[in-house]
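> Questions regarding the structure given below will be posed in turn.
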Amino acid sequence: MRYDEVLTHIGEFGTYQRIQYILLAITSLTSAWHSMNMVFVGATPDHHCKIPDQYRTHYGNISETQLYNLSLPTELKDGNTRYKRCQMYHLINNTDDLYNRSEQACTNGWVYSKEKYQRTIVSDWNLVCGDIGLRSSASSIFFAGRLVGALMFGQLSDFVGRKLSFFIAVVLQCAIGTGAAFSPSLIIFYVLYFFQGVMQVGVYLSAYVLGSEILGPKFRTYWGVGNQYFYAIGQMLLALLGYLIRDWRYIEIAISAPLVLYLTYWWLVPESPRWLLVQDRTKEAKAIIRKTAKVNRVDVSEKILDSLTADTVDPSGKAHSVIDLFRNWKIISLSLLVWLGWLINALVYYGLGLNTRNLAGDPYLNFFFSGLVEIPGVAVVHLTIDRFGRKPVLCGFMLFGGLACICTSFIPTNLSWLATLLAMIGKFAITGSYAVIYLVATEVFPTCVRNVGCGMASMSARIGGILAPQIVLLGEYVRFLPFLIYGGLSIGAALLMLLLPETRGRPLPQTMEDMYNYSKRPTEEESKDGKDNIAFQMDNITDNALNAPILCKDTTQLNATKL
0 MRYDEVLTHI GEFGTYQRIQ YILLAITSLT SAWHSMNMVF VGATPDHHCK IPDQYRTHYG
60 NISETQLYNL SLPTELKDGN TRYKRCQMYH LINNTDDLYN RSEQACTNGW VYSKEKYQRT
120 IVSDWNLVCG DIGLRSSASS IFFAGRLVGA LMFGQLSDFV GRKLSFFIAV VLQCAIGTGA
180 AFSPSLIIFY VLYFFQGVMQ VGVYLSAYVL GSEILGPKFR TYWGVGNQYF YAIGQMLLAL
240 LGYLIRDWRY IEIAISAPLV LYLTYWWLVP ESPRWLLVQD RTKEAKAIIR KTAKVNRVDV
300 SEKILDSLTA DTVDPSGKAH SVIDLFRNWK IISLSLLVWL GWLINALVYY GLGLNTRNLA
360 GDPYLNFFFS GLVEIPGVAV VHLTIDRFGR KPVLCGFMLF GGLACICTSF IPTNLSWLAT
420 LLAMIGKFAI TGSYAVIYLV ATEVFPTCVR NVGCGMASMS ARIGGILAPQ IVLLGEYVRF
480 LPFLIYGGLS IGAALLMLLL PETRGRPLPQ TMEDMYNYSK RPTEEESKDG KDNIAFQMDN
540 ITDNALNAPI LCKDTTQLNA TKL
């Protein structure tokens with residue numbers, strides 16, 4: 000008897016699984032803290048050149064306001080006059096024209112406002128003016144770490160187990176994140192921040208896979224959805240933490256040190272019984288099943304336990320790899336479309352999230368609402384995706400979000416509230432499309448290469464995350480440019496996504512031939528008497544993925560949307 004069959008007897012989502020659901024979903028909340036903390040850790044406070052002492056001596060006994068006006072040029076920014084951030088005047092001599100003075104770069108450092116941020120990596124290491132690119136590099140380095148982490152922990156969780164890999168990542172994340180708060184230099188911070196990205200994926204990935212393997216087939220959809228809601232709540236809580244703390248070093252400690260509480264999970268969360276069975280550790284799997292049945296108040300006989308078997312592999316013994324996705328032009332184009340969809344969605348999603356600090360208004364409220372709009376975004380998707388189909392919802396959300404971003408770029412500075420509103424609408428839409436493209440990937444790739452295909456999609460998303468901070472940086476030079484790029488990419492990708500086959504109601508492809516002939520395959524309504532709904536689809540997705548051939552058996556590639 001397979002493990003899923005045992006779950007139908009002892010309860011697929013009983014009291015025991017609900018407890019595990021909450022415990023593991025909380026990890027999505029803290030993962031959001033680490034994914035998006037650069038919004039506050041790397042924020043740029045208002046600043047201007049620090050006036051050298053010789054200027055004070057030269058101009059004599061004058062007021063601070065007069066000294067500033069004689070030393071610093073002004074500029075008009077977003078409808079307001081402010082001192083220039085990177086230029087100062089040369090000293091005035093008796094022959095100088097007061098109204099045509101020459102400017103020079105700051106020679107004595109900068110003065111940073113503490114109105115919104117007490118301290119950030121920007122103010123600590125002067126990542127402004129000529130060094131402004133070093134700030135965005137920190138975010139890109141973090142996402143590069145996530146790329147490495149996805150590859151590393153995907154293998155590690157199969158080798159040592161989901162539970163042990165989770166605790167390895169938790170301990171290292173806690174230590175590295177806390178250590179980053181004490182970084183004496185930018186280089187050391189970069190190194191620690193890279194590994195912070197590696198471990199963030201390790202914690203999230205291990206917990207996600209563990210949760211999906213503990214629940215029964217009919218309830219795994221709710222696991223994926225629940226993670227997205229907890230992720231959004233995590234972003235809202237991060238806004239509150241940033242507002243209350245306002246010092247990047249203490250923020251790093253606040254989001255890292257609490258992970259030590261996850262060590263209690265060693266006694267609260269079990270290893271995946273499915274993984275134990277595959278490893279031929281049947282005795283341990285039986286013990287977990289007995290405990291699950293006891294908490295769920297269900298009796299389980301020894302006869303059922305003795306019949307437990309591991310999930311089977313491909314009886315043909317044929318191995319598949321990513322190369323199979325490049326053997327035929329039709330399959331190549333389909334794969335590239337899916338991967339491009341992931342890349343663009345990730346780029347726009349993280350770009351809009353990181354760019355909230357550059358919007359008009361309070362940066363903490365902006366980021367809070369940026370997380371809040373994700374909740375209805377995911378909810379709308381799950382209310383519409385079965386009624387209208389994957390492709391219309393995906394393209395509709397991407398077009399809608401792209402138009403919102405483009406409109407944002409043309410809003411005049413005196414209507415900054417409208418620009419912020421449109422940016423939030425864009426975030427709402429891209430959250431929805433991100434959820435859909437994830438589902439499309441799991442439904443397009445056949446069982447024999449599903450994990451490989453989804454793994455490549457996940458890597459594409461990480462590349463999008465690496466590029467996102469660099470596009471945000473362009474806003475420092477041309478305010479509307481990032482939104483114009485996000486909007487253009489979203490609309491362009493939406494049009495390309497029209498080339499994807501509609502996967503709603505079609506049985507999951509099992510072979511490469513099925514993928515090649517996808518559009519010719521009968522729908523579930525034709526072959527399954529109308530069982531066309533997202534829960535049915537996701538049940539089959541997970542079942543096939545977990546019971547796939549040996550190279551596809553690695554469920555760690557079935558990542559949640561924002562892994």
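Numbering that gives the first Met the number 0 numbers the first residue of the sequence shown as 0 and each following residue consecutively.
All C-beta atoms, glycine included, are put in the ideal place defined by N, C-alpha and C.
1) Round the Cβ separation of R118 and W247 to the nearest angstrom and send it over; I've been treating them as touching at under 8 Å.
2) Give me the Cα-Cα distance between H57 and G108, rounded to the nearest whole angstrom.
3) Apply the 10 Å Cβ neighbour rule to P411 and answer buried if 16 or more other Cβ atoms are within range, or exposed otherwise.
4) Measure the C-alpha to C-alpha separation of S164 and F218 and round it to an integer number of angstroms.
5) If we count Cβ pairs, one from each stretch, closer than 8 Å, do we get three or more for the segment 384-391 versus the segment 494-504?
6) Assign E301 to one of two classes, buried (16 or more other C-beta atoms within 10 Å of its C-beta) or exposed (fewer than that).
7) What's the C-alpha gap between N99 and L126?
8) Rounded to whole angstroms, what is the Cα-Cα separation between G491 and N344?
9) Please classify M87: is it buried, with 16 or more other beta-carbons within 10 angstroms of its beta-carbon, or exposed?
10) Mark Y348 as exposed unless 16 or more other C-beta atoms lie within 10 angstroms of its C-beta, in which case mark it buried.
11) Per DSSP, M87 forms a beta bridge with which residues?
12) Whose C-beta lies closer than 6 Å to the C-beta of F427 among residues of the same chain, with five residues either side of it excluded?
13) Can you check which of these residues, F396, I18, W124, is closest to T43 by C-alpha distance?
14) What does the alpha-carbon distance come out to for the pair Y2 and L307?
15) What residue range is occupied by the uninterrupted alpha helix (DSSP H) comprising C173?
16) Specify the secondary structure class of T510 as computed by DSSP and reduced to three states.
17) Determine the DSSP secondary structure at K115, reduced to helix, strand or coil.
18) Are the beta-carbon atoms belonging to V268 and Y15 less than 8 Å from one another?
19) Which partner residues of K49 appear in the DSSP bridge assignment?
20) Kindly provide the ranges of any beta strand (DSSP E) runs that are 3 or more residues long and lie completely inside the segment 245-326, ordered along the chain.
21) Run through the DSSP bridge pairs and tell me what T73 is partnered with.
22) Going by the CB atoms, is the gap between L488 and L480 shorter than 8 Å?
23) For T263 and V169, what's the separation of their Cα atoms in angstroms?
24) Within 10 Å of its beta-carbon, does Y476 have 16 or more other beta-carbons around it, so buried, or fewer, so exposed?
25) Below 8 Å CB to CB, which residues in the same chain sit around Q103 once its five sequence neighbours on both sides are set aside?
26) Going along the chain, which residues of its own chain have a beta-carbon closer than 7 Å to the beta-carbon of V380, five neighbours each way excluded?
27) Going by DSSP in three states, V127 sits in which element: helix, strand or coil?
28) Taking the DSSP output, what are the residues bridged to W109?
29) Mind checking whether G452 and A440 have CB atoms under 8 Å apart?
30) Return helix, strand or coil for R478, following the three-state DSSP convention.
31) Are any of the Cβ atoms in chain B nearer than 8 Å to that of G395?
To lay it out plainly:
1) So it is a contact: roughly 6 Å between Cβ atoms.
2) 19 Å
3) exposed
4) 24 Å
5) yes
6) exposed
7) 29 Å
8) 12 Å
9) buried
10) buried
11) Q103
12) V372, G376
13) W124
14) 7 Å
15) 161-179
16) coil
17) coil
18) In this structure, Y15 does not lie closer than 8 Å to V268 by Cβ.
19) In the DSSP output, where bridge partners are listed per residue, K49 has none listed.
20) Complete beta strand (DSSP E) runs here, min 3: none at all.
21) T73 is bridged to Y82.
22) no
23) V169 has its alpha-carbon roughly 11 Å from the corresponding atom of T263.
24) Exposed, since its Cβ has fewer than 16 Cβ neighbours within 10 Å.
25) Apart from sequence neighbours up to five positions away, the residues of its chain that approach Q103 with a beta-carbon distance below 8 Å are Q86, M87, Y88, H89, ordered along the chain.
26) V392, G431, A434, V435
27) coil
28) C48
29) yes
30) coil
31) Here chain B cannot be found, since the structure has a single protein chain.
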